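Protein chains in written order, with the numbering used here: chain H, 305 to 512; chain B, 305 to 512.
Read the structure below first, then the notes.
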DNA sequence: TCGTTGTTTTACCATTTGGTCAAAAGTGAT
DNA sequence: ATCACTTTTGACCAAATGGTAAAACAACGA
């Protein structure tokens, strides 16, 4: 009788478990991103998921558990575009592709963007460790790559940290402040104009 | 017996009224900006203001009333820098001064910035009318000014709406996402570096 | 000093909300 | 069909929270 792993073997999640946890997390993403952590209620999540509240609490230890699980699961996907920056690529192209990917994520995953925005706005109380352990090293690596490009004069001189901040700010703005953007712009597809602008912006900033 | 105004004369607020309403609004700014509308409680606001909860409700009709009053009072101050853009000034200087003023406000009034950010993130449910009635006309005017400058070839060709969005995004980012910025940058004064970066960014974007 | 008005507090209330518990209803292998 | 196990539910709870009522208190002019 071989034991698959150590003492506390976590039983593999059943099909039902997988399905319902996914249902709950998707519902929670919807609700948390719309109302923030405090503004969201378990009842809303339960209704959105099509499950009863006690059933939700059968799969998660509590509201906070759901929120933290969500943030953890999304963090990697959220940072993927930055990981794809190739130190050996053409600097300007690499950065512009990063901008483009971030803008696409803003359009395709606005819920995720708002979820993170909400969390950071409140001072990152439930994700602070990730900022240090996951985000900081990745950003430091990227900063080094950019600084090398600057040192090699392959892009114009800029502060790498603030460059990254500006890319985050300008791209996520279209998801996080959508209500404002929609109120001010009548075009049907704002993102097309946004991409043209951002392409120009970073080309002019970085071209040598 | 002259009546100072029409039927329902609103009595002038007493000194106590003025003081306490100011106390409450300042406390509410602190609490709302930190926890968002749903996350803030009347008890927190009362404690911060040094008043009892029923006393708070003597001066305001309810939680929502406080929030709306805050947003209304702050809106004008928040938009002031954009109003100061001078159509007859030097285009690049005018825009850079606007960027600088917005960045300063991000540093000096981060609570106000986060209050608005929270509200917009939630879909602007309590401020939507202001977006239409106050912000939209002002932005339209500014867009016209910028488009004129572009037409006169006094600045490089850019989409005015997206230029404005990018200025908002990049400057407010330092207030709204402060938790993230602080986690990633060790410099004592981030805003100095931010200003150098933004000055460069918009100079390179707009210089003819 | 009295009465009037404006201000503050004490004691409550109703609802919402995160969470619990035990029983009931599946589910699947033998 | 049975048994062990997982999943779901209805009923409930305690705390938090927005808000109220009425009495107590303060301010101030006549």
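From the three backbone atoms N, C-alpha and C, an ideal C-beta is built for every residue, glycine too.
These figures come from a predicted structure and were not determined experimentally.
Return no unless some Cβ of chain H is closer than 7 Å to the Cβ of residue i.
i             : result
residue 331/B : no
residue 474/B : yes
residue 466/B : yes
residue 495/B : no
residue 366/B : no
residue 349/B : no
Check the Cβ of residue i against every Cβ in chain H and list those closer than 8 Å, keeping chain order.
i             : result
residue 487/B : 428, 432, 435, 436, 439 and 440
residue 398/B : Going along chain H, no residue has its Cβ under 8 Å from residue 398/B, so there is no contact; the nearest lies around 18 Å.
Tell me the residue span of the alpha helix (DSSP H) that contains residue i.
i             : result
residue 407/B : 395 to 412
residue 372/B : 367 to 387
residue 500/H : 494 to 510
residue 470/B : 464 to 480
residue 357/H : 357 to 363
Could you tell me the alpha carbon to alpha carbon distance between residue i and residue j, rounded to whole angstroms?
i             : j             : result
residue 352/H : residue 403/H : 33 Å
residue 414/B : residue 493/H : 31 Å
residue 364/B : residue 370/B : 6 Å
residue 512/H : residue 470/B : 22 Å
residue 392/B : residue 399/B : 12 Å
residue 358/B : residue 433/B : 30 Å
residue 472/H : residue 456/B : 32 Å
residue 446/B : residue 318/H : 58 Å
residue 495/B : residue 430/B : 31 Å
residue 505/H : residue 504/B : 11 Å
residue 466/H : residue 360/B : 42 Å
residue 444/B : residue 487/B : 37 Å
residue 326/H : residue 335/B : 34 Å
residue 407/H : residue 366/B : 40 Å
residue 491/H : residue 346/B : 41 Å
residue 331/H : residue 348/B : 30 Å
residue 489/B : residue 355/H : 43 Å
residue 341/B : residue 395/H : 43 Å
residue 312/H : residue 474/B : Only weak support is given to the placement of residue 312/H: the predicted model assigns it a pLDDT of 39, under 50, and the question is left unresolved by the model.
residue 485/B : residue 425/B : 19 Å
residue 439/B : residue 368/H : 37 Å
residue 333/B : residue 419/B : 7 Å
residue 508/B : residue 461/B : 12 Å
residue 338/B : residue 386/B : 26 Å
residue 450/B : residue 409/B : 22 Å
residue 479/H : residue 343/H : 19 Å
Compare the C-beta of residue i against all C-beta atoms of chain B and say whether one is closer than 7 Å.
i             : result
residue 443/H : yes
residue 458/H : no
residue 418/H : yes
residue 501/H : yes
residue 371/H : no
residue 490/H : no
residue 517/H : Residue 517/H cannot be examined here, being either before or after the span of chain H that is shown, 305 to 512.
residue 421/H : yes
residue 354/H : no
residue 342/H : yes
So which residues of chain B does residue i contact, with C-beta pairs closer than 7 Å?
i             : result
residue 424/H : 481, 483 and 484
residue 498/H : 466
Using the three-state DSSP reduction, which class does residue i fall into: helix, strand or coil?
i             : result
residue 426/B : coil
residue 456/H : coil
residue 489/B : coil
residue 431/B : coil
residue 340/B : helix
residue 444/H : helix
residue 330/H : helix
residue 345/H : coil
residue 390/B : coil
residue 417/B : helix
List, in chain order, every chain H residue whose beta-carbon is nearer than 7 Å to that of residue i.
i             : result
residue 469/B : 477 and 485
residue 505/B : 470 and 509
Residue i touches chain B at which residues, Cβ-Cβ below 8 Å?
i             : result
residue 508/H : 460, 508 and 509
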